[in-house]
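Just below is one structure, and these are the notes that go with it.
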Amino acid sequence: MLKRFQSLFALVVMLIALSIASDKFLTTENGFNVLRQISINLCLSIGMTLVIVSGGIDLSVGSVLALAGAVAAGLFKNGLAFPRLGFTLQFTLFGAIVSAAVVGFLFGLFNGLVITGFRLPPFVATLGTLSIARGLTQLWTKGYPITGLGSGFNFIGTGHVLGIPMPVWISGVLVAIFTVATRRTVFGRQLYAVGGNESASRLSGLNIRRIKIVVYSLAGITAGIAGLVLTARLDSATPSAGIGNELDSIAAVVIGGTSLSGGRGSILGTVLGCLIIGVLNNGLVLLEVSPFWQQVIKGAVIIAAVALDKTNSRDD
Amino acid sequence: MNRRLPLVLASFGVLALVLWRFPLFHLVPIRQAQKQQQSKTFDRAGFARTFWKDKLLPASGHALRISELWTALAKDPAAVCKQYGHSPGMSSVAYFLIQGSGRITKVDKDVVELALDNTNPPTVVLSTGLTFGNAVRDCTGLVNGSDFPNSQDFNDISTELNHLVETEVIPLLREKAARGKTVHFAGALEIEDGDVPKAPIITPIKVAVE
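Chains as they are written, first to last, in the working numbering: chain B, 9 to 324; chain Z, 164 to 373.
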């Protein structure tokens, strides 16, 4: 029973410790700061949770984030010109948002088709997609950041509604949707079944291929949304955006209690995992710990979380 | 299939309505799109010229005299840099807009050296080579980085102002500078980490040679 709440317990301990160590920590402003900072990783981690629960992994989310953000920014700022036909498709804000999600979906779909069609290990397939997406981002942006997107676009990343930052709203809505999807729908049950025991699921008549394609597509969509939020927040789509974000999202998922071997985990656990990483980062900055030591501490926390996960798996 | 058909049709209908109300894109003739792009692009040359003419040159008439600045710096460089200098962001560099007069003692390829009579510093150097850095932009404190959402636009202003120095000030100084002549100057001075140089190097903004 206690194992289910170990992430929550760790978070509470950190909150108490940091509140004592720094008087700037437990303020409303800092709280919103943390939520805003974790929102992009949370968007990525939601999709990653689905993939890992299904027994896979997706290393391409960071690159897909960059490509989706760049495509959305490019289409919104410059449109799509057809000189020979004499017109330009000038994308609206809604069009840019949809394009980010579509780019993410297409890459996720590609991942799913390659993994299920060629039976490639997800690690290898998504490593390839990581490189493809990064290369396409460089091609699309020609190596330069796309900036000056305007206040309308930037509202997605910097605006507030009812005093709450937009990125928090966006990640919150995704958490709500996917929590319901994983807990209360047939798809959710099938997801855990596939991740728990793929052979048994196949013999039970589940369409493994379709479920995995859907899972990777959803992970792509969430990566696309994360890319949109990051681009809006920075008012810039850079070719190097998202580098290393896939590892941060895997860390958050694992710290949140999702098993790397699949079949076990939850969206709310991932939220806790993101909060733990976010609170840790925030606290270490407030305590003026060197950025290099922050990397060391973060790595140690990840190892501890995975070791605990292994111990829990053995006990189960 | 028959039972699902109305649902499918209804879904497409709703989607069509949403896309009609919130279109994904507009079809714009290519020439019109190009005109719109040009109007959105920041006119760095125009901004720099307007700033130069309307703000920088008028401000140079009220600039701090270099002799007064040097007297103050001798007592407490850090305090003077904080009070009279302009430091963008968290930089440790302070920029000053100063003026003065001196007699030319040396004319070189990239510098003109002046001797200031009976005052400190005894020598100043007017730079007449290629102009780099942000001294001209930041010496008045009148250009604020936070007014430019795109930091590249803010950087470009420095480039344009430096170009104006190279094309409008330095050629005049080079043409007329000769040993023994007097130069009345206003320019931008950079002091880093409160380190006061013996012979300050000034980027000239306005010169008059007699």
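Backbone N, C-alpha and C fix where the C-beta goes; we use that ideal spot for every residue, glycine too.
Exercise. Less than 9 Å separating the beta-carbons of Z:Trp215 and Z:Asn283?
Worked result: For the purposes of this step, residue 215 of chain Z is identified with residue 52 of the second sequence, where counting begins at 1. For the purposes of this step, residue 283 of chain Z is identified with residue 120 of the second sequence, where counting begins at 1. No, the Cβ-Cβ distance between Z:Trp215 and Z:Asn283 is not below 9 Å.
Exercise. Roughly how many angstroms separate the alpha carbons of Z:Ala242 and Z:Thr322, rounded to a whole number?
Worked result: Working through the second sequence from its first residue, we reach residue 242 of chain Z at position 79. Working through the second sequence from its first residue, we reach residue 322 of chain Z at position 159. If you take the alpha carbons of Z:Ala242 and Z:Thr322, they lie about 30 Å apart.
Problem set entry | Residue range of the unbroken alpha helix (DSSP H) whose run includes B:Leu280 | In the first sequence, the residue the question calls residue 280 of chain B occupies position 272. It spans Ile275 to Leu294 - the alpha helix (DSSP H) in which B:Leu280 sits, taken as one unbroken run.
Problem set entry | Cβ contact (3+ pairs, closer than 8 Å) linking the stretch 310-317 of chain B and the stretch 243-262 of chain B | yes
For this session: Compare the C-alpha of B:Ala89 against each of Z:Ala362, Z:Leu182 and Z:Gln197 and name the closest.
Result: Residue numbering aside, residue 89 of chain B sits at position 81 when the first sequence is read from its first letter. Nearest C-alpha to B:Ala89: Z:Gln197.
Exercise. Per the contact definition of three or more C-beta pairs closer than 8 Å, is the stretch 203-210 of chain B in contact with the stretch 294-309 of chain B?
Worked result: no
Exercise. Per DSSP, what kind of secondary structure is B:Ala89 in: helix, strand or coil?
Worked result: Along the first sequence, read from residue 1 onward, the residue named residue 89 of chain B stands at position 81. Reduced to three states, the DSSP call for B:Ala89 is strand.
Problem set entry | Helix, strand or coil at Z:Tyr258 [DSSP, three-state] | As a working mapping, residue 258 of chain Z is identified with position 95 in the second sequence. Residue state, collapsed to three classes: strand.
Problem set entry | Chain-order list of residues whose beta-carbon lies under 8 Å from that of B:Ala133 (same chain, five-residue window excluded) | Against the first sequence, residue 133 of chain B aligns to sequence position 125. Excluding sequence neighbours, B:Ala133 sits near Asn119, Val122, Ile123 and Phe126.
Problem set entry | Segments of 3+ residues assigned as beta strand (DSSP E) that fall wholly inside the stretch 261-288 of chain Z | 274-278
Exercise. Cα-Cα, which of B:Lys306, B:Ala74 and B:Lys318 is closest to B:Ala240?
Worked result: Position 232 of the first sequence, counted from the start, is the residue given in the question as residue 240 of chain B. If we check each option's Cα against that of B:Ala240, B:Ala74 comes out closest.
For this session: Please report the Cβ distance between Z:Leu289 and Z:Leu277, rounded to the nearest whole angstrom; I am assuming they are in contact, meaning their Cβ atoms lie under 8 Å.
Result: Position 126 of the second sequence holds residue 289 of chain Z. Position 114 of the second sequence holds residue 277 of chain Z. That belief holds up - the Cβ atoms of Z:Leu289 and Z:Leu277 are roughly 7 Å apart, short of 8 Å.
For this session: With distances taken Cα to Cα, identify the nearest neighbour of Z:Leu236 among Z:Lys361, Z:Val181 and Z:Leu178.
Result: One-based indexing of the second sequence puts residue 236 of chain Z at position 73. Here the closest residue by C-alpha is Z:Lys361.
Problem set entry | Min CB distance Z:His326 to chain B below 9 Å | Mapped onto the second sequence, residue 326 of chain Z falls at position 163. Z:His326 does not count as touching chain B.
For this session: Compute the distance between the beta-carbons of B:Ile185 and B:Val202, then report whether it is under 9 Å.
Result: What you label residue 185 of chain B is simply residue 177 of the first sequence in a count that begins at 1. What you label residue 202 of chain B is simply residue 194 of the first sequence in a count that begins at 1. No, they are not a contact pair.
For this session: With a floor of 3 residues, list each beta strand (DSSP E) that falls wholly inside the stretch 185-241 of chain Z, ordered by position along the chain.
Result: 188-192
For this session: Might you give, ordered along the chain, the residues of its own chain that have their beta carbon closer than 6 Å to the beta carbon of B:Ala234, omitting 5 neighbours on each side?
Result: Along the first sequence, one-based indexing puts residue 234 of chain B at 226. Excluding positions up to five away in sequence, the list reads Ile48, Cys51, Leu52 and Leu73.
Exercise. Is B:Val106 close to chain Z, meaning its C-beta is less than 9 Å from at least one C-beta of that chain?
Worked result: Position 98 of the first sequence, counted from the start, is the residue given in the question as residue 106 of chain B. For B:Val106, the answer is yes, since a Cβ of chain Z falls inside 9 Å of its Cβ.
Exercise. What residue ranges within the stretch 70-136 of chain B form continuous alpha helix (DSSP H) runs of no fewer than 4 residues, ordered along the chain?
Worked result: 101-125
For this session: State buried or exposed for Z:Leu168, treating a residue as buried only when at least 16 other CB atoms are found within 10 Å of its CB.
Result: Taking the first residue of the second sequence as 1, we reach residue 168 of chain Z at position 5. With fewer than 16 Cβ atoms within 10 Å of its Cβ, Z:Leu168 is classed as exposed.
Problem set entry | Cβ of B:Thr100 within 9 Å of any chain Z Cβ | Within the first sequence, the letter at position 92 stands for residue 100 of chain B. Chain Z, which has a Cβ nearer than 9 Å to the Cβ of B:Thr100, makes this yes.
For this session: Would you check if the distance between the CB atom of B:Leu117 and the CB atom of B:Ile221 is smaller than 9 Å?
Result: As a first step, residue 117 of chain B must be located in the first sequence, where it is residue number 109. As a first step, residue 221 of chain B must be located in the first sequence, where it is residue number 213. The answer is yes: Cβ separation under 9 Å.
Problem set entry | Distance between Z:Val191 and B:Gly103 (C-alpha atoms, nearest Å) | Indexing the first sequence from 1 puts residue 103 of chain B at position 95. Indexing the second sequence from 1 puts residue 191 of chain Z at position 28. The straight-line gap from Cα to Cα measures roughly 15 Å.
Problem set entry | Start and end residues, alpha helix (DSSP H) containing B:Ile65 | By one-based count along the first sequence, residue 65 of chain B stands at place 57. No alpha helix (DSSP H) contains B:Ile65, which DSSP labels as neither H nor E.
Problem set entry | C-beta neighbour in chain Z for B:Thr190, strict 9 Å | Position 182 of the first sequence holds residue 190 of chain B. No, its Cβ sits nowhere closer than 9 Å to a Cβ of chain Z.
Exercise. Which one of B:Gly271, B:Ala227, B:Val262 and B:Ser267 has the shortest CA to CA distance from B:Leu283?
Worked result: As a first step, residue 283 of chain B must be located in the first sequence, where it is residue number 275. Here the closest residue by C-alpha is B:Val262.
Exercise. By the criterion of Cβ-Cβ separation under 8 Å, what are the contact partners of B:Ala89 in chain Z?
Worked result: Locating residue 89 of chain B in the first sequence gives position 81, counting from the first residue. Ordered by position in chain Z, the residues that pass the 8 Å Cβ test against B:Ala89 are Ile193 and Ala196.
Exercise. Within this structure, are the beta carbons of Z:Val332 and Z:Lys369 separated by less than 9 Å?
Worked result: Position 169 of the second sequence, counted from the first residue, corresponds to residue 332 of chain Z. Position 206 of the second sequence, counted from the first residue, corresponds to residue 369 of chain Z. Yes, they are a contact pair.
Exercise. Using a Cβ-Cβ distance under 9 Å, would B:Thr351 count as near chain Z?
Worked result: Outside the shown range of chain B (9 to 324) lies residue 351 of chain B, about which nothing can therefore be said.
For this session: Give the C-beta separation of B:Leu138 and B:Leu67 to the nearest angstrom, bearing in mind that I take them to be a contact with Cβ-Cβ under 8 Å.
Result: Position 130 of the first sequence, counting from 1, holds the residue named residue 138 of chain B. Position 59 of the first sequence, counting from 1, holds the residue named residue 67 of chain B. Contact flag correct, Cβ pair sits at about 5 Å.
Problem set entry | Interface flag, B:Gly103 vs chain Z, CB-CB below 9 Å | In the first sequence, counting from the first residue as 1, residue 103 of chain B sits at position 95. Yes, contact with chain Z.
Problem set entry | Cβ-based neighbour list, B:Leu280, same chain, cut-off 7 Å, excluding 5 preceding and 5 following | Against the first sequence, residue 280 of chain B aligns to sequence position 272. Hits under 7 Å: Ser15, Leu16, Leu19 and Gly264.
Exercise. For B:Gly64 versus B:Tyr224, is the C-beta distance shorter than 9 Å?
Worked result: Taking the first residue of the first sequence as 1, we reach residue 64 of chain B at position 56. Taking the first residue of the first sequence as 1, we reach residue 224 of chain B at position 216. Contact flag set, yes.
Problem set entry | Three-state class that DSSP yields for B:Ile172 in the structure shown | Here residue 172 of chain B refers to the residue found at position 164 when the first sequence is read from its first residue. Strand, per DSSP.
Exercise. So, are the CB atoms of Z:Thr294 and Z:Ala222 less than 9 Å apart?
Worked result: Within the second sequence, residue 294 of chain Z is the residue found at index 131, counting from 1. Within the second sequence, residue 222 of chain Z is the residue found at index 59, counting from 1. Their beta carbons are not under 9 Å apart, which means Z:Thr294 does not touch Z:Ala222 by this criterion.
Exercise. Taking 9 Å as the CB-CB cut-off, is B:Thr96 touching chain Z?
Worked result: Numbered from its first residue, the first sequence carries residue 96 of chain B at position 88. At least one chain Z Cβ lies under 9 Å of B:Thr96.
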